[in-house]
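Per my numbering, residue 186 is the first one in the sequence shown, and the count goes up by one each step. Here a beta-carbon is modelled for each residue, glycine too, at the ideal position from N, C-alpha and C. Owing to the predicted nature of the structure, the values given are computational and were not obtained by experimental measurement. These notes are about the structure you will find just below.
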Amino acid sequence: MIKPTIIYIAGYGFSGSTLLERSLADNIGVIGCGELWRLKEDFQDFETCGCDQNVETCEFWAELYEIFKANPKINNLELMDILVNLKSQAFLIDNSKTSYARVDRFKYLASKYNFKVIHLIREPGSVLNSSLNKSNSNNFFVKFLITLKVIVHWNYANRIIYKLQKQYNFELLRIRLEDFLERPQNEIEKVYTWLNYKPDSINSKPIKTHQLTGNIYRHGELELQKSSPRRSNFYSKIMRIFSFRAIAQYNYKD
Ligand SMILES: [Zn+2]
186 MIKPTIIYIA GYGFSGSTLL ERSLADNIGV IGCGELWRLK EDFQDFETCG CDQNVETCEF
246 WAELYEIFKA NPKINNLELM DILVNLKSQA FLIDNSKTSY ARVDRFKYLA SKYNFKVIHL
306 IREPGSVLNS SLNKSNSNNF FVKFLITLKV IVHWNYANRI IYKLQKQYNF ELLRIRLEDF
366 LERPQNEIEK VYTWLNYKPD SINSKPIKTH QLTGNIYRHG ELELQKSSPR RSNFYSKIMR
426 IFSFRAIAQY NYKD
């Protein structure tokens, strides 16, 4: 049996990765598996899958969940090894992204498996605004601290990919969320061509996948909406100033 290729979505959170995953998955050859870096924790929490079943009743996870129950000390990389061996689909999407904490996982998978990386980028000021919205705080210092954190983490999560690619020489496709929202069919076709994957048809909208993590967008219907105009405020201005290199590199200059 040929092992699936892992499509790793790299970059920072708040960049539309759930939307991208659900748009690329077709539950036939491409399976959206969500943030696999915390699969064990999701099993422990008995999470509800994006397909609306739980880990025991979901047809995709049930077998692996039984293995986990019999070996509760198993770690996430061991679970990943078993998952890849169990499945016969052509592609599994791992939406773990890149952060300080997940670089080891990235290295492990890149060195061991057929591994392709989609680097998903979103305009940094918009990433910050989403992050601030989620925090739901009106406190200046809290918002300022979140801004500092996002500046450091967003820039790190995107920069580390270049270093890792040099080291592991994997195939990489860069996608800007704004381009994806502007021309979703176009970008999906671009990814499939890059994967050398020829599905019978391409989804007209995001489908339900097998994401277990806490992201609420894994449930229900998702619509593709054109991105709204960039909002500017004190915090996003700071974010943009300190991300000037990336803004030039990814062509986000106005
Ligand atoms: Zn499921």
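Identity of the residue in the options nearest residue i by Cα
| i | options | result |
| --- | --- | --- |
| Ser226 | Leu362, Leu358, Asn260 | Reading off the sequence shown, one finds Glu at residue 226, where the question assumed Ser. That would be Asn260, whose Cα lies nearest to the Cα of Glu226. |
| Lys297 | Asn256, Pro189, Lys258, Leu357 | Pro189 |
| Tyr402 | Arg416, Val215, Ser200 | Ser200 |
| Leu333 | Tyr420, Tyr353, Leu397, Cys236 | Tyr420 |
| Glu363 | Leu205, Ile192, Ser386, Ala195 | Leu205 |
| Ser417 | Ile187, Ile191, Lys319, Leu313 | Leu313 |
| Asp289 | Ser208, Val240, Tyr353, Phe231 | Tyr353 |
| Leu209 | Phe429, Ile426, Ser386 | Ser386 |
| Lys292 | Ile191, Arg368, Trp246 | Ile191 |
| Arg430 | Lys351, Asn381, Trp339, Ile392 | Trp339 |
| Glu406 | Phe355, Ile392, Leu397, Asn400 | Ile392 |
| Gln350 | Leu294, Glu220, Cys243, Ser320 | Leu294 |
| Trp379 | Arg359, Asp211, Gln396 | Arg359 |
| Glu220 | Gly198, Gly214, Cys236 | Gly198 |
| His404 | Gly217, Tyr193, Ile213 | Gly217 |
| Val269 | Cys234, Val215, Phe231, Lys319 | Val215 |
| Asp230 | Asn323, Tyr193, Pro257 | Pro257 |
| Leu224 | Cys236, Asp237, Trp246 | Trp246 |
| Asn299 | Phe325, Ala275, Cys243 | Ala275 |
| Arg207 | Ser320, Gln238, Asp279, Ala255 | Asp279 |
Residues near residue i by beta carbon distance below 6 Å, same chain, minus five either side
| i | result |
| --- | --- |
| Leu366 | Lys411, Ser412 |
| Glu308 | Tyr437 |
| Phe228 | Val240, Tyr250, Phe253 |
| Ala397 | One detail in the question is off: residue 397 reads as Leu in this sequence, not Ala. If we look at Leu397 and ignore the five residues flanking it on each side, its Cβ neighbours are Gly219, Asp227, Glu232, Cys234. |
| Pro384 | Asp211 |
| Gln370 | none |
| Arg193 | Per the sequence shown, the amino acid found at residue 193 is Tyr instead of Arg. Counting only Cβ-Cβ distances below 6 Å, and skipping sequence neighbours, we find Asp279, Val302. |
Assumed close pair residue i, residue j - CB separation to whole angstroms, cut-off 8 Å
| i | j | result |
| --- | --- | --- |
| Val335 | Ser316 | 5 Å |
| Thr394 | Ile346 | In fact, because the Cβ distance is near 23 Å, the residues do not count as touching under 8 Å. |
| Leu305 | Ser202 | 6 Å |
| Lys390 | Glu372 | Rounded, the Cβ-Cβ distance is 14 Å, inconsistent with contact. |
| Leu264 | Val302 | Actually they do not touch by this definition, with Cβ atoms about 21 Å apart. |
Contacts around residue i, its chain only, beta-carbon distance under 7 Å, and the 5 residues preceding and following it disregarded
| i | result |
| --- | --- |
| Arg287 | Trp222, Ser281 |
| Arg415 | Glu308, Gly310, Ser311 |
| Tyr285 | Tyr341 |
| Ile267 | Leu249, Ile252 |
| Asn343 | Gly196, Tyr197, Ile306, Ala431 |
| Arg368 | none |
| Lys375 | none |
| Ser322 | Lys328 |
| Cys243 | Cys234, Cys236, His395 |
Residues bridged to residue i (per DSSP)
| i | result |
| --- | --- |
| Leu277 | Ile191, Ile216 |
| Leu357 | Val302 |
| Thr233 | Asn239 |
As assigned by DSSP and simplified to three states, the class of residue i
| i | result |
| --- | --- |
| Ile306 | strand |
| Thr332 | helix |
| Lys301 | strand |
| Thr378 | helix |
| Lys225 | helix |
| Asn371 | helix |
| Gln410 | coil |
| Gln396 | coil |
| Asn318 | helix |
| Phe325 | helix |
| Arg415 | coil |
| Phe253 | helix |
| Asn261 | helix |
| His404 | coil |
| Ala342 | helix |
| Ala247 | helix |
| Thr283 | coil |
| Lys272 | coil |
Own chain residues within Cβ distance below 8 Å of residue i, not counting five before or after
| i | result |
| --- | --- |
| Glu248 | Leu271 |
| Phe427 | Ile336, Asn340 |
| Met186 | Ser273 |
| Phe326 | none |
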